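Visitor:
Protein chains: 2
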Amino acid sequence: MKVSREQVALNRQRIVETAARLFREKGYDGIGVADLMKSAGLTHGGFYGHFESKEDLLAEATAHALKKSVERWQGYAAQGPETALDKIGQGYLTEQHRDNPGAGCSVTALGADIARLGPKARRALTEGASGQMAVLQKLMSGQDDAEKRKQALAKYASMVGALVLSRAVDDEALSVEILQAVQASLSSTQ
Amino acid sequence: MKVSREQVALNRQRIVETAARLFREKGYDGIGVADLMKSAGLTHGGFYGHFESKEDLLAEATAHALKKSVERWQGYAAQGPETALDKIGQGYLTEQHRDNPGAGCSVTALGADIARLGPKARRALTEGASGQMAVLQKLMSGQDDAEKRKQALAKYASMVGALVLSRAVDDEALSVEILQAVQASLSSTQ
DNA sequence: ATTATCTATAGATCTATAGATAATGC
DNA sequence: ATTATCTATAGATCTATAGATAATGC
Chain H
99 MKVSREQVAL
109 NRQRIVETAA
119 RLFREKGYDG
129 IGVADLMKSA
139 GLTHGGFYGH
149 FESKEDLLAE
159 ATAHALKKSV
169 ERWQGYAAQG
179 PETALDKIGQ
189 GYLTEQHRDN
199 PGAGCSVTAL
209 GADIARLGPK
219 ARRALTEGAS
229 GQMAVLQKLM
239 SGQDDAEKRK
249 QALAKYASMV
259 GALVLSRAVD
269 DEALSVEILQ
279 AVQASLSSTQ
Chain A
99 MKVSREQVAL
109 NRQRIVETAA
119 RLFREKGYDG
129 IGVADLMKSA
139 GLTHGGFYGH
149 FESKEDLLAE
159 ATAHALKKSV
169 ERWQGYAAQG
179 PETALDKIGQ
189 GYLTEQHRDN
199 PGAGCSVTAL
209 GADIARLGPK
219 ARRALTEGAS
229 GQMAVLQKLM
239 SGQDDAEKRK
249 QALAKYASMV
259 GALVLSRAVD
269 DEALSVEILQ
279 AVQASLSSTQ
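Quick note, the sequences are listed as chains H and A, same order.
Residue numbers for the first sequence follow the numbering used here, so the first one is 99 and each next one is one higher.
Residue numbers for the second sequence follow the numbering used here, so the first one is 99 and each next one is one higher.
1. If contact is defined by three or more beta carbon pairs under 8 Å, each pair taking one atom from either stretch, is the segment 271-279 of chain A in contact with the segment 256-271 of chain H?
2. Output yes if chain A places a C-beta closer than 7 Å to the C-beta of K246 of chain H; else output no.
3. If we define contact as Cβ-Cβ less than 7 Å, is D242 of chain H a contact residue for chain A?
4. Can you give me the Cβ contacts of Q288 of chain H inside the same chain, cut-off strictly under 6 Å, excluding the 5 residues immediately before and after it?
5. Enumerate in chain order the residues of its own chain whose CB-to-CB distance from G200 of chain A is below 6 Å, with the five nearest sequence positions on each side excluded.
6. Could you check whether the Cβ of T224 of chain A sits closer than 7 Å to any Cβ belonging to chain H?
7. Between K136 of chain A and E115 of chain A, what straight-line distance do the alpha-carbon atoms span, to the nearest angstrom?
8. Helix, strand or coil for Q177 of chain H? Go by DSSP, reduced to three states.
9. Using beta carbons (cut-off 7 Å, strictly below), is G209 of chain H in contact with chain A?
10. For a test of the three-state rule: what should DSSP assign to I129 of chain A, helix, strand or coil?
11. Which whole-angstrom value is the C-beta distance of G125 of chain H and R214 of chain A, which I expect to be below 8 Å?
12. Give the range of the alpha helix (DSSP H) segment to which Q241 of chain H is assigned.
13. Exposed or buried, which one is E193 of chain H when buried takes at least 16 other CB atoms within 10 Å?
14. May I ask you to report which of helix, strand or coil DSSP gives V267 of chain A?
15. Rounded to whole angstroms, what's the CA-CA distance from Q105 of chain H to P217 of chain A? Just pull it up for me.
16. Using a beta-carbon distance below 7 Å, is S239 of chain A in contact with chain H?
17. Can you pull the chain H neighbours of R119 of chain A, defined as C-beta to C-beta under 9 Å?
18. Taking L289 of chain A and Y190 of chain A to be in contact with their CB atoms under 8 Å, please state how far apart those CB atoms are, rounded to whole angstroms.
19. Can you give the beta carbon distance from L237 of chain A to L164 of chain A, rounded, assuming they're within the 8 Å contact cut?
20. Below 8 Å, can you find three or more Cβ-Cβ pairs linking the segment 203-210 of chain H to the segment 150-170 of chain H?
21. Use the C-beta contact count for L348 of chain A: other C-beta atoms within 10 angstroms, 16 or more gives buried, fewer gives exposed.
What follows is the structure, given as structure tokens:
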């Protein structure tokens, strides 16, 4: 049942993308290797030909997902600094994002899990978060780079926290209120 | 091996406190009922005399931990509004808190897990988070209650996000930088 | 007599590996 | 001949339950 080299690469990519979605949806411990491979259309045993371990896959899936996210933000920033911050907020601080963790921010969905896991996943998360904070920094209003960086870090933290909170509370009105409060604070000078 | 009624209540309380610590340290899936009971000095089978399920215990442990946290914040607030915000930030946005999740904020440590779990745990988290936001609201500088509430929600989100980020990144300097940026933003008007 | 805790286990997972199978690509 | 994927399984978990044990408290 061997497949072509091209197909192997496609299979591997499909495992990574499936994992990126399922880990964000269900958490690292919420999905097993067997179910993950089944979702990718392959069988359990084949997994270890592609990856050393489940944790290795998490690192690769996190790197993949965050890279795409950083590129999206860079795209907004390239369209001009005035609207970029609004667009980033409108993509991040919404019910759409809150209700679709599988396609959303990996820091929010997996940050607590990754904090307890090995160095590869933490590296991937750190690079992704740094990339997003770098985009934010350019959009800040501070007088110098040091001030802009401080602002960017604080804004980013507020976005991550808002999404974690909006997903965890059981009160829809409160959930939306949190997202909107942070969205409003994004464009304020500070 | 029956024990006195008094001892039963003490045992139950010890299970809750042990669970509150271990769930925050290791995540909901990171600690099993057997190990948890062992840490509390009891055997596995006894657990189901005290709680209906592991998830039930999570809800109770989360309620317990957040209640204590809200009371601490209320204590700071009672000492006067000027220093209260600094004290809250100095308790929350520190390496000490970052490195001791077992005694820290349940929203940060378990928010992503609880978002995927049943209604009881989400209820406990929502009540705790609402309590903390209510304390913050009184300390805000806004002109009316609506504005103060918006400020409090945004500040709280930034604190939660800062801790999640500071624990997840693998770069000590960046981790501290995030905590300090949010600490600085706490006392700023906005 | 009641009941809190104990030991033991059922039944269902989980990650990782061993060895078989069959299609690719030299 | 090589190798990507398959089936099958080892060994270690996990939650929850059943029934035994022994101390409390009527």
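Yeah, the Cβ is synthetic: ideal placement off N, Cα and C, and Gly gets one too.
Being a predicted model, the structure only gives us computed values, none of them experimental.
Guide: So, from the data block:
1. no
2. no
3. Judged by the 7 Å Cβ criterion, D242 of chain H is not in contact with chain A.
4. Residue placement at Q288 of chain H is flagged as unreliable, the pLDDT there being 49, under the threshold of 50; the coordinate-derived value follows with that caveat. Excluding residues within five positions, none has a Cβ falling inside 6 Å.
5. R119, R122 and E123
6. The beta carbon of T224 of chain A sits closer than 7 Å to some beta carbon of chain H.
7. 13 Å
8. Reduced to three states, the DSSP call for Q177 of chain H is coil.
9. The Cβ of G209 of chain H sits closer than 7 Å to at least one Cβ of chain A.
10. In this structure, DSSP gives I129 of chain A a state outside helix and strand, which the three-state scheme calls coil.
11. Your pair G125 of chain H and R214 of chain A checks out as a contact, with CB atoms roughly 6 Å apart and the cut at 8 Å.
12. Looking at the DSSP string, Q241 of chain H is not in any alpha helix (DSSP H), and its letter there is neither H nor E.
13. exposed
14. Coil at V267 of chain A, not helix or strand.
15. 44 Å
16. no
17. Simply none; closest approach about 14 Å.
18. What the structure shows of chain A is the stretch from 99 to 288, and residue 289 of chain A is not part of that stretch, so it cannot be assessed.
19. So it is not a contact: roughly 19 Å between Cβ atoms.
20. A contact exists between the segment 203-210 of chain H and the segment 150-170 of chain H.
21. Here chain A comprises residues numbered 99 to 288, so residue 348 of chain A is not present and cannot be evaluated.
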